[in-house]
Amino acid sequence: MERKVDNGSSAKTAEASPVSEMCIIDIGEHGRRAVKRLRKGEGKLMDKVEDAILGLREEGVIGSGATQTVVVVVREEPSLRDLLDYDDEDDDDEDDDED
């Protein structure tokens, strides 16, 4: 079952056990700094997570008094360095063979 939340993130609920329900919030792909701030509980992504949880509570997906597992999924955008792959270990052999 998939639900849309006001801030643009999607939330999926799946029953983990008969006692509790798990809620997964996917907030998409973001930059390294934003992900780092989220891990610290700060920044714009943390605001998005809080808004998503508030929206899920208003929709009745998450109970206000119940203990429930909420999983936040965020992907870190690849940096330019990762894309260009500066690791040139393969080229070392070709440069040494001068006869």
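Here the numbering used here is used: the first residue of the sequence shown is 565, the next is one more, and so on. Here a beta-carbon is modelled for each residue, glycine too, at the ideal position from N, C-alpha and C. All values derive from a computational prediction rather than experimental measurement.
Residues near residue i by beta carbon distance below 8 Å, same chain, minus five either side
i: A598; result: G607, K608, L609
i: E640; result: E593, H594, G595, R596, V599
Secondary structure of residue i, DSSP reduced to three states
i: I591; result: strand
i: V625; result: coil
i: E640; result: strand
i: E606; result: coil
i: V649; result: With the sequence shown as reference, residue 649 is identified as Asp, and Val is not the correct amino acid for it. The answer is coil: DSSP assigns D649 none of H, G, I, E or B.
Spatial neighbours of residue i in its chain, beta-carbon cut-off 6 Å, leaving aside the 5 residues before and after
i: V634; result: C587
i: G592; result: none
i: P601; result: In the sequence as presented, Pro is not what sits at residue 601; that position holds Arg. Counting only Cβ-Cβ distances below 6 Å, and skipping sequence neighbours, we find G607.
Same chain only: Cβ atoms within 7 Å of residue i, ignoring 5 sequence neighbours per side
i: V636; result: I589, I591, V613
Which residues DSSP lists as bridging residue i, in chain order
i: T633; result: M586
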